[in-house]
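Each residue of the sequence shown is one higher than the last, beginning at 21 in this note's numbering. Every residue gets a Cβ at the ideal spot worked out from N, C-alpha and C, and that includes glycine. None of the values given here were measured: they were computed from a predicted structure.
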Amino acid sequence: MPQELADPNFGVPGKIDLLIGAEAFFDIIKEGIIRTSNNGLVFRRSVFGYIATGNTSSYTQNQFCGFISEMQNINNNKQTFWEIETINEGQKPLSKEEEYCENHYQMTHTRNEAGRYIVQMPAKNIQGLGHSKGLGTKRLDQLWRTLSRDKQMENLYREFMQQYLDLGHMEKVEEHLDETSASNFVIVFHIMESFGLIRQLPN
């Protein structure tokens, strides 16, 4: 092997340092060839020193690539899509109260001219109000004592309650009514003392 090599490490793979066009080939090559007998290398003399030429051992790496595609019916794809996008409703069974409210809504809701929905307020079992006549009587007595200190408010209160009677929103309870009966009574209103007014709450 010659001593003056253009690349002393030509047998080690590395990056390319320089690319020379074919038109300069014969200007670079000089006279002088050294042939080796064991590996088929040929060293040619050049302006850079001896360069090694010859065959290289071929190495082929086999690579296998595969692609699998399954064609599905478009109807099945659409069904799968809707199953994924659909919100699951009704999975949890309704309680008795929820079922009652749902049926109550279906039977009573309407829509007015403005497009708003009107629904009657559902009520729980009115038997659950308990025996509250004594408490109601005490609250009424307290109310009369409060009104006795403000005649203007008392007059407004009486006018309001009379309007309730005239409109049929309430009726007088008979004193001899059996307390064990299934009847229940509620007055739906509040007195707003801070404003000096009596306001009717929406039904």
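Each of Asp170, Glu117 and Arg159 was checked against the Cα of Lys144, and the nearest Cα belongs to Glu117.
One alpha carbon belongs to Gln182, the other to Glu191, and they sit about 10 Å apart. In this structure Pro22 is in contact with Ile54, their Cβ atoms being roughly 6 Å apart against a cut-off of 8 Å. DSSP lists Ile54 and Ala72 as the beta-bridge partner residues of Phe63. Counting only the Cα atoms, Asn93 lies some 49 Å from Gln140. Under the three-state reduction of DSSP, Arg131 is assigned to strand. Distance between Asn175 and Ser168, taken at the CA atoms: about 10 Å. Here DSSP, grouped into helix, strand and coil, assigns Ile40 to coil. Between the alpha carbons of Leu187 and Lys112 lies a gap of roughly 44 Å. Rounded to the nearest whole angstrom, the C-alpha separation of Leu160 and Gly154 is 10 Å. C-alpha of Ser57 to C-alpha of Arg64: approximately 15 Å in a straight line. Between Ser66 and Ala26, the C-beta gap is smaller than 8 Å, which places the two residues in contact.
A Cβ-Cβ distance of about 7 Å is found for the pair Tyr120 and Pro142, placing them in contact under the 8 Å criterion. Per DSSP, the beta bridge partners of Leu25 are Tyr70.
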